[in-house]
Structure formats: structure tokens, C-alpha cells
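Visitor: Let me begin by handing over the structure; questions about it come next.
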Amino acid sequence: MADKHYLKALLGIIAVLFVFSTAHSASEQFKGKIYSPGILKPVDSKTRLKAGMKAPDFALPSLSGEKISLGQHRGKKNVVISFVPAAWTPVCSDQWPGYNIAKGIFDKNNAILLGISVDNIPTLYAWTKEMGDLWFPVLSDFYPHGAVSKKYGVLRSDGVSERALFVIDKRGIIRYIDVHDINKRPALEDLAKELEKLEK
Amino acid sequence: MRYKILFLLMFVLSVTFFGINITGAEPVPAKGGPFPEITLPVPEKAGEKEYLGLTGNKPFRISQIKADLVILEIFSMYCPYCQKEAPNVNELYQTVSKRAGVKDRIKIIGVGAGNTAFEIDVFRTQYDIRFPLFSDESFSIHKLVGEVRTPHFFVIRINADGSNTIVYSKVGSIEDSKQFLDMIIKESGLK
């Protein structure tokens, strides 16, 4: 029995050592402000949503102070929802800034982007300020905690959301779901390809 | 069971005390030392291939670039600092190409850490970048250069014997492009 505990402890130490081998590049922008949670369980939830289903509606406060709903875009715009797990963490901090210079890909496909995280507004404000001026709204799923993430089946057991992308067409139908390995950033071309398939 | 534990213990201790590198990351190559041996694919664009003075289609090494100095930026299209720095690096490219006597001797390249070719293209188009950018999707080059934060600039002098020496290795902005150019020319002893 005691052996098992030793083994667990040793495996823990090894896991910690391996954490430093996570492949991601950190922007100097955030300097030492990024908290590294180490390597996490790739996916820690199971969504019941599937492509072809109606996307659950929601309304969340955004950084600009405006409440933004999915419904307000129905019939007008295709919508990409980008759930990111947490502000001030390595992969997330290097995801939205990329979308920020890829506006052309969204525009071309008559799509808008909604960034969602379970962090509260002040945290999201400070964090996204480091990214420069974002062209897309950032929504806070803070209270009731993670309610929208839960609705989409992407709330992890520790209260943060998955790193997930949902592509929803103008009619409000889900066309693509990528609940990504939380430790990795989804390649931009995969999203771009899905957007190309949509009716503009 | 005990043997397994002993083995693991030895493994952990050897990593801790003998510095066995299991993370795959190397130290950041510093000024005065050589730049790690990396190979890059020959650019598809004829203009870029010509700019680097390459022949053939085999992957090339830094010292094969037809230049005395190579400015290598490790960047990421996802990095806000790199985005802000992009116009400044473009200005450096223009400054180099306008300055008599150094135009053909100093070349600039960028390596996108963890970026796919598609993502590199987005960055290139967004900032109208005229010098060659390479994808390092697997982070293999990023690991060889010590997993630097981005943007990190290396200036590498290519020596007559084919070896190379780093004359500048720093994270963050190059600041004023003209002053930067003067500084690296001085540091490298380029005549």
C-alpha cells in the first residue's frame, strides 16, 4: 500500500517536470504575468450538442457594457463562439490575438466572433487590454457561474470552460463543434475551412 | 514494485542533479556563441529564394544564406507584441534595403513558433511583410532556441569558414530601426 503512495508521488514529480515541456510560445506582451496551470486533462466534459442541432440561446454581459445575445444575430450573421478556459493562462493568451488579425476570414464569410470565458469583466478587461483593441466582443460567463458554458456542455469539473469552438449559421443551427485539447491551440485553417462551407 | 520505484527515483534524481534535459528545451543561444544548426525549407516564392541567394530545393542552413548578417525573428502570429512590432521590423527591412553597402549583406527572416503555414500567411498579409517567413508548426526550432518568449531577435554573423556567431540575442522590440542597424553593424564588425 505504502509503495503505491510512493509511486504516485514520484509520478507526480515526473508530471511536474514534464509540464515544462508543454509546447507553446509565450508573447513578451504578457511578460511574467502568465500563470501556468501545467498540462491539464485534454477534455473534461461531454457536450450533448451536435452539428445540425439548434444552438442554445444566451445573453451575456460584454466588456463594452452591452448585453449580447446569440439571437440578435439570427438571420443576419454566422456566429463563431470561442470559449477559452481562463484569462492569464498560456494558450488562451495566444488565441484571441490571432483572431484579432484574422478579421478578414470572418468578414469574407459574413461571420462574427464572440469570445467567451468564465472570468469576470474586470479580469477580462485587464487581460484583453494586453491584446490590443479587439474587433470582436468579449463576453463574461461569470455569473451565474459558467451557465452558458454548461448549456453548451463545455464546463469542466474545475469550473472553467473547455477550449471550444462552435460555428453557428445564420439560422441558428450548429454547423461545427471543436472541443479542443485544452493544452493546444486549434489551427486557424480548420476554422477557416468550416466558415467557407457556410451560406454567406 | 520496489525496483520500479527505485528506478523512478533514480530517474528523478538524475534529472534533478545531473541536469538531464527531458523537457527538450535548450538554453537560449547567447551573444558570442554559435546559433544552433537549424534547417529551413527553401521558400516557394521565387523572390524570397532569390533574396536569400539559395539554389536548389533542399532544406537550407542559416550559413547558406547569401549574407554576412542574418536577422532572425522568432515570432508568432498569435502574439500581440509581435503584431505591434511587425511595422517596425518592416521598417528595418526598408532601412536595410535603402542603405548602400549593406543591402545585399544583411538579410531578415522570421520563424513562426507553433504557427502553421496558413497562420504565417495571415500574418504576412496583415502586415504586408516582404521578407521570408517560415512555419515552425511543431515548435522544433522554438525548442532549439530555448523556447524564447516572442518576439525574440537573433542577429547571426556568418563567418568566412561557414561557421556562425550570434552578435545579438534579445527578447522584445528592436526599437528604432536605424539605430538598431547601426548597432548590429558595429557589434558584428561589418565593414
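Chains as they are written, first to last, in this note's numbering: chain A, 1 to 200; chain B, 1001 to 1191.
Where a beta carbon is used, it is the ideal one built from N, C-alpha and C, also for glycine.
Keep in mind that this is a model prediction, so the values were computed, not measured.
Taking only three categories from DSSP, how would you classify H145 (chain A)?
Guide: Taking the first residue of the first sequence as position 1, residue 145 (chain A) is located at position 145. DSSP places H145 (chain A) in coil when its eight states are reduced to three.
Visitor: Between which residues of its own chain and Y1127 (chain B) is the CB-CB distance below 6 Å, once the five residues before and five after are set aside?
Guide: Translated into positions along the second sequence, residue 1127 (chain B) becomes position 127. The residues are A1086.
Visitor: With a Cβ-Cβ cutoff of 7 Å, do E1091 (chain B) and S1188 (chain B) count as a contact?
Guide: What you label residue 1091 (chain B) is simply residue 91 of the second sequence in a count that begins at 1. What you label residue 1188 (chain B) is simply residue 188 of the second sequence in a count that begins at 1. The answer is no: Cβ separation not under 7 Å.
Visitor: With a threshold of 7 Å on Cβ separation, who are the neighbours of D169 (chain A) within its own chain once the five nearest residues in sequence on each side are excluded?
Guide: Sequence index remark: in the first sequence, residue 169 (chain A) carries index 169 (1-based). N78, R175, L198, E199.
Visitor: Let me confirm a value: I182 (chain A) is counted as buried when at least 16 other C-beta atoms fall within 10 Å, else exposed. Which label applies?
Guide: By 1-based counting over the first sequence, the position of residue 182 (chain A) is 182. With 16 or more other Cβ atoms within 10 Å, it is buried.
Visitor: In chain B, which residues lie less than 8 Å from E130 (chain A) when you measure between Cβ atoms?
Guide: Translated into the one-based positions of the first sequence, residue 130 (chain A) becomes position 130. Ordered by position in chain B, the residues that pass the 8 Å Cβ test against E130 (chain A) are P1080.
Visitor: Examine chain B for any beta-carbon lying closer than 7 Å to the beta-carbon of P42 (chain A), and answer yes or no.
Guide: As a first step, residue 42 (chain A) must be located in the first sequence, where it is residue number 42. With 7 Å as the cut-off, P42 (chain A) does not count as an interface residue toward chain B.
Visitor: Cα separation between G115 (chain A) and K1066 (chain B)?
Guide: For the purposes of this step, residue 115 (chain A) is identified with residue 115 of the first sequence, where counting begins at 1. For the purposes of this step, residue 1066 (chain B) is identified with residue 66 of the second sequence, where counting begins at 1. Between G115 (chain A) and K1066 (chain B), the C-alpha separation is close to 45 Å.
Visitor: Along the alpha helix (DSSP H) that carries P122 (chain A), what are the first and last residues, could you check?
Guide: Locating residue 122 (chain A) in the first sequence gives position 122, counting from the first residue. Here the alpha helix (DSSP H) through P122 (chain A) covers 121-129.
Visitor: Note down, in chain order, every chain A residue with its Cβ under 8 Å from the Cβ of Q1083 (chain B).
Guide: Position 83 of the second sequence, counting from 1, holds the residue named residue 1083 (chain B). Under the 8 Å cutoff, chain A gives P97, N100, I101, G132.
Visitor: Do you know whose CA, among B:D1104, B:Q1179, B:V1070, lies nearest S1163 (chain B)'s CA?
Guide: For this step, residue 1163 (chain B) is matched to residue 163 along the second sequence. The shortest Cα separation from S1163 (chain B) among B:D1104, B:Q1179, B:V1070 belongs to B:V1070.
Visitor: Would you identify the three-state DSSP class for S21 (chain A), choosing helix, strand or coil?
Guide: Here residue 21 (chain A) refers to the residue found at position 21 of the first sequence. Only weak support is given to the placement of S21 (chain A): the predicted model assigns it a pLDDT of 44, under 50, and the value that follows is read from those uncertain coordinates. Of the three classes helix, strand and coil, the one that applies to S21 (chain A) here is coil, per DSSP.
Visitor: For a contact defined as C-beta to C-beta under 7 Å, what are the partners of D94 (chain A) on chain B?
Guide: Taking the first sequence and counting its residues from 1, one reaches residue 94 (chain A) at position 94. Within chain B, the residues near D94 (chain A) are S1076, Y1078, C1079.
Visitor: Could you tell me whether the segment 33-40 of chain A touches the segment 1091-1102 of chain B, using the rule of 3 or more Cβ pairs below 8 Å?
Guide: Too few Cβ pairs lie closer than 8 Å, so no.
Visitor: Would E1073 (chain B) pass as an interface residue toward chain A - the criterion being a Cβ-Cβ separation below 7 Å?
Guide: Here residue 1073 (chain B) is taken as the residue at index 73 of the second sequence, counted from 1. Judged by the 7 Å Cβ criterion, E1073 (chain B) is not in contact with chain A.
Visitor: Can you list the residues of chain A that V1122 (chain B) reaches, using a CB-CB cut of under 7 Å?
Guide: Numbered from its first residue, the second sequence carries residue 1122 (chain B) at position 122. Per Cβ cutoff of 7 Å: I101, A102, L188.
Visitor: Counting beta carbon pairs with one atom in the segment 1112-1123 of chain B and one in the segment 1034-1050 of chain B, are three or more of them shorter than 8 Å?
Guide: In short, these stretches do not touch, since the Cβ pair count stays below three.
Visitor: Looking only at its own chain, which residues have a Cβ that is under 7 Å from the Cβ of S1135 (chain B), when we skip the five neighbours before and after it?
Guide: Position 135 of the second sequence, counted from the start, is the residue given in the question as residue 1135 (chain B). Closer than 7 Å at the Cβ level, and outside the excluded window around S1135 (chain B), lie G1112, N1115, T1116, A1117, I1120.
Visitor: Name, please, each residue of chain A whose Cβ falls closer than 8 Å to the Cβ of F1118 (chain B).
Guide: Position 118 of the second sequence, counting from 1, holds the residue named residue 1118 (chain B). Result: A187, L188, E189, A192.
Visitor: Listed in chain order, which residues of the segment 1160-1171 of chain B have Cβ atoms closer than 8 Å to some Cβ of chain A?
Guide: Within the segment 1160-1171 of chain B, the residues whose Cβ lies closer than 8 Å to some Cβ of chain A are V1171, listed in chain order.
Visitor: What are the boundary residues of the alpha helix (DSSP H) that includes F106 (chain A)?
Guide: Counting from 1 along the first sequence, the entry for residue 106 (chain A) is found at position 106. F106 (chain A) -> alpha helix (DSSP H) spans 103-108.
Visitor: Which value, in whole angstroms, describes the spacing of the CA atoms of T1023 (chain B) and K1143 (chain B)?
Guide: For this step, residue 1023 (chain B) is matched to residue 23 along the second sequence. For this step, residue 1143 (chain B) is matched to residue 143 along the second sequence. In this prediction, T1023 (chain B) has a pLDDT of 49, which is less than 50 and means its spatial position is unreliable; what the coordinates show is noted afterwards. One C-alpha to the other measures close to 9 Å.
Visitor: Since Q29 (chain A) meets chain B, which of its residues come closer than 7 Å, beta carbon to beta carbon?
Guide: Mapped onto the first sequence, residue 29 (chain A) falls at position 29. Correct list: C1079, P1080, Y1081.
Visitor: Do you know whose CA, among A:G52, A:N100, A:D57, A:N120, lies nearest F136 (chain A)'s CA?
Guide: As a position in the first sequence, residue 136 (chain A) is number 136, starting the count at 1. If we check each option's Cα against that of F136 (chain A), A:N100 comes out closest.
Visitor: Using DSSP with H/G/I as helix, E/B as strand and the rest coil, what is V138 (chain A)?
Guide: As a first step, residue 138 (chain A) must be located in the first sequence, where it is residue number 138. In the structure shown, V138 (chain A) sits in a strand (DSSP, three-state: E or B).
Visitor: By alpha-carbon positions, which one of B:T1039, B:Q1083, B:P1151, B:I1108 ends up nearest to R1157 (chain B)?
Guide: Translated into the one-based positions of the second sequence, residue 1157 (chain B) becomes position 157. The residue with the shortest Cα to Cα distance from R1157 (chain B) is B:I1108.
Visitor: Does DSSP classify A111 (chain A) as helix, strand or coil?
Guide: Position 111 of the first sequence holds residue 111 (chain A). Looking at A111 (chain A) - three-state DSSP - the assignment turns out to be strand.
Visitor: Please classify T128 (chain A) as buried or exposed, where buried requires at least 16 neighbouring CB atoms within 10 angstroms.
Guide: Indexing the first sequence from 1 puts residue 128 (chain A) at position 128. Label assigned to T128 (chain A): buried.
Visitor: Measure the C-alpha to C-alpha separation of E194 (chain A) and V167 (chain A) and round it to an integer number of angstroms.
Guide: Walking along the first sequence from the start, residue 194 (chain A) turns up at place 194. Walking along the first sequence from the start, residue 167 (chain A) turns up at place 167. Each residue's alpha carbon lies about 8 Å from the other.
Visitor: How would you label E196 (chain A), buried or exposed, when you count the other beta carbons within 10 angstroms and need 16 or more for buried?
Guide: For this step, residue 196 (chain A) is matched to residue 196 along the first sequence. Counting Cβ neighbours within 10 Å, E196 (chain A) comes out exposed, since fewer than 16 surround it.
Visitor: With distances taken between CB atoms, is the gap from M53 (chain A) to W96 (chain A) smaller than 7 Å?
Guide: As a first step, residue 53 (chain A) must be located in the first sequence, where it is residue number 53. As a first step, residue 96 (chain A) must be located in the first sequence, where it is residue number 96. Contact flag unset, no.
Visitor: Kindly list, in the order they appear in chain A, the residues whose Cβ is closer than 7 Å to that of P1151 (chain B).
Guide: If you number the second sequence from 1, residue 1151 (chain B) lands on position 151. Residues of chain A passing the Cβ test: E28.
Visitor: At least one CB of chain A closer than 7 Å to the CB of Q1094 (chain B): is that the case?
Guide: Within the second sequence, numbered from 1, the residue matching residue 1094 (chain B) stands at position 94. Not one chain A Cβ lies under 7 Å of Q1094 (chain B).
Visitor: Would you give the residue range spanned by the beta strand (DSSP E) that Y176 (chain A) belongs to?
Guide: In the first sequence, counting from the first residue as 1, residue 176 (chain A) sits at position 176. Element bounds for Y176 (chain A): 174-180.
Visitor: Reducing DSSP to helix, strand and coil, say where V1171 (chain B) ends up.
Guide: Mapped onto the second sequence, residue 1171 (chain B) falls at position 171. Note: V1171 (chain B) maps to strand in three-state DSSP.
Visitor: Could you list which residues in chain A have their beta carbon closer than 7 Å to that of Q1064 (chain B), in chain order?
Guide: For the purposes of this step, residue 1064 (chain B) is taken as the residue at position 64 of the second sequence. Within 7 Å Cβ-Cβ: nothing; Q1064 (chain B) doesn't reach chain A, min ~26 Å.
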